[in-house]
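**Student:** Note that our numbering has the sequence shown beginning at 383, numbered continuously upward.
Note that the Cβ used here is the ideal one computed from N, Cα and C, for glycine as well.
First the structure, then my questions, so here it is.
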Amino acid sequence: MHAVQNVFGGAADNYDAARPGYHEGLVGEVLRYAGPGHRTAVEVGAGTGKATVLFAAAGVEMTCVEPDPKMAQLLRANAPEVSVEVCAFEDWSPGDRPRDMLLAATSWHWTDPVRRWDLAAAALNPDGIVAIFWNPVGVIDPALHADLARVNPRDTDLASGFGVRAGDWDEAYGMWPEAELEKDPRFGDVTTVRFREEISYATADYLKLLDSTSTYRLLDPAEREKALAAVGDIVDRHGGVIHLALFTDVCLARKARPTFGPG
Ligand SMILES: C[S@@+](CC[C@H](N)C(=O)[O-])C[C@H]1O[C@@H](n2cnc3c(N)ncnc32)[C@H](O)[C@@H]1O
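Written out as structure tokens, the structure reads:
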């Protein structure tokens with residue numbers, strides 16, 4: 383997926399207006415895990431700043447790496463206090479200032495799977511941490527979910543039956559980084575946390591949310607309009623409001639200190 387870096391700019395305003403943010407407990411959890419003194423972060427694929435503003439408000443000194451110029455423009459407007467570098471993570475370097483934390487909010491799956499852990503390790507101080515998270519949603523009403531799935535197969539991943547474990551939505555995608563981190567000797571103390579809340583959208587706002595997702599951005603415009611209209615009809619027939627379970631699933635890991643065996 384890493385080759386497609388300018389998918390979201392075409393719907394940057396819808397993205398910023400309609401995409402949900404992250405659970406209010408996220409920042410405290412990440413900073414607690416990181417430990418005292420961890421105050422600098424590089425954020426990979428910061429988009430319009432939905433996670434950025436939360437960490438910046440907690441006093442984290444943020445460097446945001448975002449390749450899409452339209453997303454970066456909104457990011458600068460939303461978070462004027464952070465440093466923004468308009469490039470892909472693969473083209474960014476920490477220079478002589480490795481950071482305490484690497485954050486990636488709904489973006490790690492866009493980075494190069496071959497290079498990203500080398501780049502993450504190089505971006506971090508010896509006791510640095512990674513916090514990689516997503517905010518998947520699921521349709522709460524099984525009847526509405528079934529209707530959406532019937533009319534529009536692209537909504538089948540909005541599951542109405544939820545698991546209990548962080549990352550359990552990911553079987554079909556292979557994005558969740560826990561297994562890769564467990565295997566990588568440069569990282570340890572792998573921990574996952576799930577937050578859950580509920581969020582409701584009127585039809586028009588739900589269509590903006592869908593329009594900002596890569597699944598819909600990658601359709602040709604006529605097909606996208608048709609798919610969105612079909613979803614809109616269904617949601618309207620179910621009362622014009624859709625109630626979603628909104629998860630913030632986070633995977634944390636600490637850069638392992640090198641261990642030196644005897645002689
Ligand atoms: C789904 S959006 C997430 C944006 C934001 N972090 C959020 O939580 O709303 C994914 C973002 O990753 C960016 N992106 C895509 N490829 C990237 C890469 N190779 N390096 C860094 N960011 C990338 C996209 O431009 C987009 O803004």
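What residues in its chain sit with their C-beta under 6 Å from that of D593, if we drop five residues either side in the sequence?
**Tutor:** So the list reads A393 and N396, once near-sequence residues are dropped.
**Student:** Determine the burial state of Y404: buried for a count of at least 16 other Cβ atoms within 10 Å of its Cβ, exposed for fewer.
**Tutor:** That one is buried.
**Student:** For E562 and R479, I'd like the C-alpha separation in whole angstroms.
**Tutor:** For E562 and R479, the distance between alpha carbons rounds to 26 Å.
**Student:** With H, G and I counted as helix, E and B as strand and the rest as coil, what does DSSP make of E467?
**Tutor:** The answer is strand: DSSP assigns E467 an E or B state.
**Student:** Specify, as a first and last residue, the run of the beta strand (DSSP E) that Y583 falls within.
**Tutor:** Looking at the DSSP string, the run of the beta strand (DSSP E) that includes Y583 is F569 to A584.
**Student:** Does DSSP put W474 in a helix, a strand or coil?
**Tutor:** W474: coil per DSSP, three-state reduction.
**Student:** Kindly indicate which three-state DSSP category W492 falls into: helix, strand or coil?
**Tutor:** W492: helix per DSSP, three-state reduction.
**Student:** Are the CB atoms of G429 and E411 nearer to each other than 8 Å?
**Tutor:** No, they are not a contact pair.
**Student:** Which whole-angstrom value describes the C-beta separation of R578 and F629, a residue pair presumed to lie in contact below a C-beta threshold of 8 Å?
**Tutor:** About 6 Å; that satisfies the 8 Å criterion.
**Student:** With DSSP run on the structure shown, which of helix, strand or coil describes H625?
**Tutor:** If DSSP states are grouped into helix, strand and coil, H625 belongs with the strands.
**Student:** So L530 and V613 are in contact, right, with Cβ under 8 Å, and what is the actual spacing, rounded?
**Tutor:** Contact flag correct, Cβ pair sits at about 6 Å.
**Student:** State the start and end residues of the unbroken beta strand (DSSP E) segment that holds E553.
**Tutor:** Per DSSP, E553 belongs to no beta strand (DSSP E) and is neither H nor E.
**Student:** Pull up the distance between the alpha-carbon of W558 and that of G427, whole angstroms please.
**Tutor:** Going by the C-alpha atoms only, they are around 16 Å apart.
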